[in-house]
Amino acid sequence: MMANTYAQAAQLHVPHPQQLHAPAPPMAEKTKVGRKRHNIWEYFQEDGSTNPKRTRCKCKYCGHSFFSDCTRMKKHIISCTNCPDAVRQEVQEEFLQLESVDPSAGRLKRSIAMTDLPPLNNYEAATAPPGAPAYTSKTEANAPLASKKLKVTTPTLLQKTMGEAVWDCFLNIVNDPTTEDRLGMQGVKKMVSIFKQEVHRESLRALLLLACPQPDKLPSISTNRPNGAKFIDAYIRQLQFGLFETVSGPQETV
Numbered sequence: 001m002m003a004n005t006y007a008q009a010a011q012l013h014v015p016h017p018q019q020l021h022a023p024a025p026p027m028a029e030k031t032k033v034g035r036k037r038h039n040i041w042e043y044f045q046e047d048g049s050t051n052p053k054r055t056r057c058k059c060k061y062c063g064h065s066f067f068s069d070c071t072r073m074k075k076h077i078i079s080c081t082n083c084p085d086a087v088r089q090e091v092q093e094e095f096l097q098l099e100s101v102d103p104s105a106g107r108l109k110r111s112i113a114m115t116d117l118p119p120l121n122n123y124e125a126a127t128a129p130p131g132a133p134a135y136t137s138k139t140e141a142n143a144p145l146a147s148k149k150l151k152v153t154t155p156t157l158l159q160k161t162m163g164e165a166v167w168d169c170f171l172n173i174v175n176d177p178t179t180e181d182r183l184g185m186q187g188v189k190k191m192v193s194i195f196k197q198e199v200h201r202e203s204l205r206a207l208l209l210l211a212c213p214q215p216d217k218l219p220s221i222s223t224n225r226p227n228g229a230k231f232i233d234a235y236i237r238q239l240q241f242g243l244f245e246t247v248s249g250p251q252e253t254v
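As structure tokens, this is what we get:
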């Protein structure tokens, strides 16, 4: 009974003679599905890449390797010095033909031309007149700020009133040793006491302006200094005329 059971089980697993010689069904050949490569690839070959999503290309003429990009590959062929002139000319002509149809081709051509231009700083240095400062964008940006800072920090001239300027020049003449030589110490003291009086301040201003090289301008020790000798001569003449003897009492001002 047990033997019959094993015999039946063996018969169930025995393959049919036709199944032993039946050929295996042909497997479908795997094909790579994707976009057709640009003809620029005929000047490049694939290079090893650690990025599975990007392909590296290697120039056949110079061996330069980079991530594949049609625009960059075209620019490389045009600028590659090891590439034959005929190939470079062919790619260049292709760009010229595309420029009339595709506006982006014109931008590509301009970007290629810009890569051959020297830096802007070199151009400015070559065209600037001798002795001119070198041009930089930073210098141009800071130029208005520098002018404003100059206006703020530049000290202005000390503005004085006519009375202050006249008195400063008068004290300068009083302290001049030649004044004491001509008038003596008592004469200098008398002159100071006269012009300290408010009533004689206009006379002092008139005599000082007459002694200045530019009488129509404000007297100044540095720019319009009155002549001490000329002032003393005019003062002595006024004493002789009795101009300062009409005052009845002292009227000094502090």
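Going by UniProt numbering, the sequence shown runs without a break in its numbering and finishes at 254. Ideal placement from N, C-alpha and C gives every residue a C-beta, glycine not left out.
When the options are compared against residue i, the one with the closest alpha-carbon
i, options, result
"Leu239", "Gly187, Lys196, Gln214, Ala86", "Gly187"
"Ala206", "Ala234, Asn224, Val192, His76", "Ala234"
"Ile221", "Ala86, His64, Ala165", "Ala165"
"Lys60", "Thr71, Thr81, Pro52", "Thr81"
"Ile77", "Lys53, Phe44, Thr50, Asn51", "Phe44"
"Ile236", "Glu42, Asp216, Met191", "Met191"
"Met162", "Glu93, Leu208, Ser79", "Leu208"
"Leu218", "Thr178, Leu171, Val174, Gln159", "Gln159"
"Cys70", "Gly184, Pro215, Val91", "Val91"
"Ile194", "Gln97, Asn51, Phe170", "Phe170"
"Leu204", "Ile173, Asn51, Leu183", "Ile173"
"Asp181", "Ser79, Lys58, Ile232, Pro84", "Ile232"
"Val87", "Glu42, Thr50, Glu46", "Glu42"
Beta-carbon spacing of residue i, residue j below 8 Å
i, j, result
"Asp168", "Gly228", "no"
"Ala211", "Lys230", "yes"
"Phe241", "His200", "no"
"Arg56", "Gly63", "no"
"Lys74", "Ile40", "yes"
"Arg54", "Phe67", "yes"
Range covered by the beta strand (DSSP E) that runs through residue i
i, result
"Arg56", "56-59"
"Gly66", "Sequence inspection shows Phe at residue 66; the Gly mentioned does not correspond to that position. Start and end: 65-67."
Opening and closing residue of the alpha helix (DSSP H) in which residue i lies
i, result
"Gln186", "177-195"
"Lys171", "Reading the sequence as shown, one finds Leu at residue 171 and not Lys. Unbroken alpha helix (DSSP H) run through Leu171: 162-174."
"Leu204", "201-211"
"Cys83", "First-last for Cys83: undefined, no H or E at that position."
Beta-bridge pairing of residue i - partner residues as DSSP gives them
i, result
"Asp47", "Arg56"
"Ser220", "Asn224"
Beta carbon proximity, residue i to chain B, threshold 8 Å
i, result
"Asn175", "No chain B appears in this structure, which consists of one protein chain only."
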